[in-house]
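The structure appears right after this line, and notes come after that.
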């Protein structure tokens, strides 16, 4: 069964350092999402891509976060510099199309700890 | 953005049905109601979705109120593997149908 792949699974870094997370969506899925999930809370959408274009990044802290999906397939989320409050689970999801009724498939996430 | 309200936690006995409620009084006429669940240390997984009519699939049933201001996820026979956080979310139009998660309901299943 096809799955969304993410790496690394765990990342520990010091504040002010740069970190990057990678996501490979299910083959053929045009829509890709990055979420941040703080412990005890639901996931919060950071950025959504349709193919290689950003369709929603309203919740992305653009002073330190960036995301790209250059060829419309895999994607990278970067944080520079990392802050203590960035400690969270970063989840990637994909769906076959941007519709109200289609399901999103989530990866296992990357757990980031900022010291 | 439309919001949902769910109880923080619920408890069920194994093999018994579970009814997980969700209120979404500000839902718009074009919003779909989705349910996802998140097992410990995993990403969320899709459970079911609907618009107006009740829906059934192999995992659960979704009962939607006639005025669409509330819905109920029904697990017909809870198992220990159903212990998870259940999220009721609305797929809101705009920004490519943004998905907004709330805090969800943590379901505890007792053997």
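Residue numbers (my numbering), protein chains in the order written: chain E, 6 to 120; chain S, -9 to 101.
For glycine and all other residues, C-beta sits at the position ideal for the given N, C-alpha and C.
Nothing here was measured: the structure is a model prediction, and the numbers come from that model.
At least one C-beta of chain E is nearer than 7 Å to the C-beta of residue 34 (chain S). At a cut-off of 7 Å, the C-beta of residue 77 (chain S) has a neighbouring C-beta in chain E. The DSSP-derived three-state label of residue 27 (chain S) is strand.
For residue 96 (chain S), the enclosing beta strand (DSSP E) begins and ends at 95 to 100. Only exposed fits residue 15 (chain E), as fewer than 16 other CB atoms lie within 10 angstroms of its CB.
In this structure, the alpha-carbon of residue 92 (chain E) lies about 7 Å from that of residue 43 (chain E). With distances taken between CA atoms, residue 34 (chain S) lies nearest to E:109 out of E:11, E:109, E:75, E:59. Within the segment 42 to 59 of chain E, the residues whose Cβ lies closer than 8 Å to some Cβ of chain S are 45, 46, 47, 48, 49, 50, 53, 55, listed in chain order. Less than 7 Å separates the beta-carbon of residue 50 (chain S) from that of residue 37 (chain S).
If you look at residue 61 (chain E), you'll find it in the beta strand (DSSP E) that goes 58 to 61.
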